[in-house]
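> Numbering (the numbering used here), first residue to last: 158 to 719.
1. Which word fits residue 541, buried or exposed, when buried means at least 16 other C-beta atoms lie within 10 angstroms of its C-beta?
2. Per DSSP, what kind of secondary structure is residue 424 in: helix, strand or coil?
3. Using a 10 Å radius around the Cβ and a threshold of 16 neighbouring Cβ atoms, would you call residue 713 buried or exposed?
4. Comparing the CB of residue 623 with every heavy atom of the ligand NAD, is any distance shorter than 8 Å?
5. With burial defined as no fewer than 16 other Cβ atoms inside 10 Å of the residue's Cβ, what is the status of residue 637: buried or exposed?
6. Determine the direct distance from the alpha carbon of residue 327 to that of residue 435, and round the result to whole angstroms.
7. Could you give the C-beta distance for residue 609 and residue 443, rounded to a whole number, given that I count them as a contact under 8 Å?
8. Report the residue from 467, 518, 244 whose alpha carbon sits nearest the alpha carbon of residue 255.
9. Go ahead and pull the three-state DSSP assignment for residue 206.
10. Reducing DSSP to helix, strand and coil, say where residue 523 ends up.
11. For the candidate residues 377, 570, 663, 651, whose alpha-carbon lies nearest to that of residue 600?
12. Can you list, in chain order, the residues of its chain whose CB lies under 6 Å from that of residue 198, leaving out five sequence neighbours each side?
13. In the DSSP assignment, what residue or residues form a beta bridge with residue 327?
14. For the putative contact between residue 533 and residue 299, defined by C-beta atoms under 8 Å, what is the C-beta separation to the nearest angstrom?
15. Rounded to a whole number of angstroms, what is the C-alpha to C-alpha distance between residue 248 and residue 602?
16. Could you tell me which residues DSSP pairs with residue 452 in its beta bridges?
17. Pick from 711, 684, 230, 303: whose alpha carbon is nearest that of residue 471?
18. Which stretch, first to last residue, makes up the alpha helix (DSSP H) that contains residue 702?
19. Find the nearest neighbour of residue 305 within the set 404, 291, 342, judged by alpha-carbon distance.
20. Looking at C-alpha atoms only, which residue of 568, 395, 293, 350 is the closest neighbour of residue 578?
21. Going by alpha carbons, who is nearest to residue 606 out of 669, 549, 415?
22. Provide the residue(s) that pair with residue 693 in DSSP beta bridges, ordered along the chain.
23. When you compare the CB positions of residue 275 and residue 554, do they come within less than 9 Å of one another, or not?
24. Look at the Cβ atom of residue 283, then the Cβ atom of residue 613, and state whether they are nearer than 9 Å.
25. Can you give me the C-alpha to C-alpha distance between residue 653 and residue 639, rounded to a whole angstrom?
26. Could you tell me which uninterrupted alpha helix (DSSP H) segments, each at least 4 residues in length, are contained entirely in the region 614-642, listed from first to last along the chain?
27. Counting beta carbon pairs with one atom in the region 216-230 and one in the region 472-486, are three or more of them shorter than 8 Å?
28. Rounded to whole angstroms, what is the Cα-Cα separation between residue 700 and residue 596?
29. Tell me whether the beta-carbon of residue 379 lies closer than 9 Å to the beta-carbon of residue 527.
30. Let me confirm a value: residue 465 is counted as buried when at least 16 other C-beta atoms fall within 10 Å, else exposed. Which label applies?
31. Touching or not, the region 208-223 and the region 484-494, by the rule of three or more beta carbon pairs under 8 Å?
32. Is the distance from the Cβ of residue 290 to the Cβ of residue 447 below 9 Å?
33. Rounded to whole angstroms, what's the CA-CA distance from residue 402 to residue 413? Just pull it up for me.
34. What first and last residue would you give for the alpha helix (DSSP H) that runs through residue 276?
35. Considering just the uninterrupted stretch of the alpha helix (DSSP H) at residue 491, what are its terminal residues?
36. Residue 404 and residue 473 - do their beta-carbons sit closer together than 9 Å?
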């Protein structure tokens with residue numbers, strides 16, 4: 158048993174709390190969704206989601222073990238508080254989504270983001286985006302969530318040791334997969350998380366997903382706050398105020414949000430005026446995995462309020478995820494570094510084991526696993542919605558009834574869950590889950606964002622240009638990231654070393670330029686009219702005030718931790 162696993166041993170009470178919490182989440186989620194039978198009920202929760210459900214669900218779907226492991230690990234290491242830019246700039250992005258994107262999408266009454274592209278361009282453009290998202294959800298979102306969740310279960314319950322003792326499998330890292338306790342323990346965790354989360358999604362649709370998000374997200378935020386609270390008390394020998402002063406004094410070099418322009422990870426140029434806006438706008442504004450909650454809003458005003466709530470929580474998250482990673486460096490830096498490997502990734506679970514009393518560890522571990530399940534079932538529901546509405550109903554059964562659509566969505570959910578479970582073990586062959594996620598999304602997000610932005614601003618952009626832009630984004634980004642393998646020149650090596658965020662911005666700008674030139678040379682004779690839904694499209698009367706307040710708060714945080 159490794160030193161880390163030894164510290165994470167759960168008591169019987171911890172295990173009981175863990176299981177009871179997960180059982181309660183599954184039971185409540187299935188109960189509240191028991192009457193979801195129509196297409197609109199199943200895929201968009203009947204378009205009756207209120208602002209507080211939307212806001213918490215957005216955050217719970219977004220947060221998973223990559224945050225508590227990856228972001229806290231980056232804060233523990235060289236990057237420090239600068240990693241918080243992913244959260245704080247997301248808050249600003251959400252404001253623009255509420256102001257600009259959401260009114261246009263709700264007005265069209267769409268079920269999916271690819272559906273909007275058919276109204277704006279044509280069916281081929283819709284099919285390309287749907288295919289991109291389907292593949293990306295299975296091999297990136299769902300598979301990585303399952304893999305990271307299984308690794309968390311391995312640490313919490315010491316599953317490799319259990320497989321070693323019960324089946325005689327080897328604990329050696331170099332053991333072949335057939336004899337490796339860790340491999341079979343990870344495989345067991347993948348299928349366990351996948352089956353439980355898929356069961357909720359198959360039966361209950363978006364309503365079940367949103368309610369599980371609410372319960373698990375609330376527990377996660379509360380648990381993260383408790384960890385930060387106890388860490389500050391530990392630093393200050395029982396005093397919170399003294400703990401904060403000591404924390405700030407000890408970590409002056411880590412409490413900066415602005416890194417040099419040529420930083421390989423988070424250069425300030427990319428954060429404020431560059432490439433970080435590309436994945437942010439795609440993820441929060443155009444990604445079905447996220448936008449499905451806002452498309453299910455009962456009105457534009459409710460959707461906007463929900464987004465503003467999510468933005469406000471985004472401003473808080475670095476205090477309960479990122480800063481604890483820095484606190485772990487201050488409290489246990491040498492001990493965690495001695496664990497070897499990617500030491501930073503072990504910082505947060507190590508601190509949980511050292512700080513939380515036995516009665517609270519089960520709740521926190523349940524919340525962490527709940528985060529995995531929230532993200533997985535959210536992605537699963539979104540993928541099944543895209544398959545049903547953008548592929549099955551559009552190309553195979555246009556005349557299908559709502560009952561047939563729901564049945565197809567359930568079968569698609571089950572099949573997609575199985576595919577994700579089969580692919581998830583492959584993730585272990587890659588170097589770093591977070592890097593894997595960023596690289597894959599970079600192939601499609603600049604093209605999708607370019608097509609949406611130009612399509613909304615320049616209505617006469619032809620469908621052929623949109624299809625070319627979606628497809629061209631893949632080789633363009635591939636050239637930026639891997640072109641040095643074919644072009645052996647100093648300029649190419651220097652270009653390759655730029656942060657991936659710079660590459661994403663460059664690809665986006667090239668595609669926008671191509672779309673605009675194509676439109677200038679061969680515009681549509683007449684812009685296609687967009688449908689208008691019957692939803693209440695009156696914006697929230699304080700939408701501008703709430704949005705500007707969030708932007709001011711974000712600017713204040715950057716000024717405080719410049």
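Glycine residues also receive a C-beta, built at the ideal position from the N, C-alpha and C atoms.
In short:
1. So residue 541 counts as buried.
2. In the structure shown, residue 424 adopts extended strand secondary structure according to DSSP, grouped into three states.
3. Using a 10 angstroms sphere on the CB of residue 713, the tally of other CB atoms stays under 16, which defines it as exposed.
4. Questions concerning the ligand NAD fall outside what the structure shown contains, since it holds no ligand whatsoever.
5. Residue burial annotation: residue 637 is buried, with at least 16 other C-beta atoms found within 10 angstroms of its C-beta.
6. Going from the Cα of residue 435 to the Cα of residue 327 covers about 45 Å.
7. About 6 Å separates the beta carbon of residue 609 from that of residue 443, a gap short enough to meet the 8 Å contact definition.
8. With distances taken between Cα atoms, residue 255 lies closest to 467.
9. In the structure shown, residue 206 sits in a strand (DSSP, three-state: E or B).
10. If DSSP states are grouped into helix, strand and coil, residue 523 belongs with the helices.
11. For residue 600, the nearest C-alpha among the options comes from 663.
12. Residue placement at residue 198 is flagged as unreliable, the pLDDT there being 49, under the threshold of 50; the coordinate-derived value follows with that caveat. Cβ neighbours of residue 198 beyond the five flanking positions: none.
13. Under DSSP, the beta-bridge partners assigned to residue 327 are 337.
14. With a contact defined as Cβ atoms closer than 8 Å, residue 533 and residue 299 qualify at about 6 Å.
15. Going from the Cα of residue 248 to the Cα of residue 602 covers about 19 Å.
16. DSSP output for residue 452 lists no bridge partner at all.
17. Per the Cα distances, 711.
18. It spans 700-717 - the alpha helix (DSSP H) in which residue 702 sits, taken as one unbroken run.
19. Comparing Cα-Cα distances from residue 305 to each of 404, 291, 342, the minimum goes to 342.
20. Checked all of 568, 395, 293, 350; the closest Cα to residue 578 is 350.
21. When only C-alpha atoms are compared, the closest one is 669.
22. According to DSSP, which records beta bridges pairwise, residue 693 is partnered with 456.
23. No, the pair does not count as a contact, with Cβ atoms beyond the cut-off.
24. Cβ atoms of residue 283 and residue 613: not closer than 9 Å.
25. Approximately 7 Å between the Cα atoms of the pair.
26. You should have 620-639.
27. Three or more pairs of CB atoms, one per stretch, sit closer than 8 Å, so the region 472-486 contacts the region 216-230.
28. Cα-Cα distance, rounded: 35 Å.
29. Their beta carbons are not under 9 Å apart, which means residue 379 does not touch residue 527 by this criterion.
30. Residue 465 counts as buried, since no fewer than 16 other beta carbons sit within 10 angstroms of its beta carbon.
31. Taking a cut-off of 8 Å for Cβ pairs, the region 208-223 and the region 484-494 do not touch, as fewer than three such pairs fall below it.
32. Their beta carbons are not under 9 Å apart, which means residue 290 does not touch residue 447 by this criterion.
33. When rounded, the distance between both Cα atoms is 16 Å.
34. That run of the alpha helix (DSSP H) goes 270-277.
35. Note, residue 491: alpha helix (DSSP H), 479-494.
36. Going by beta carbons, residue 473 and residue 404 fall outside the 9 Å limit.
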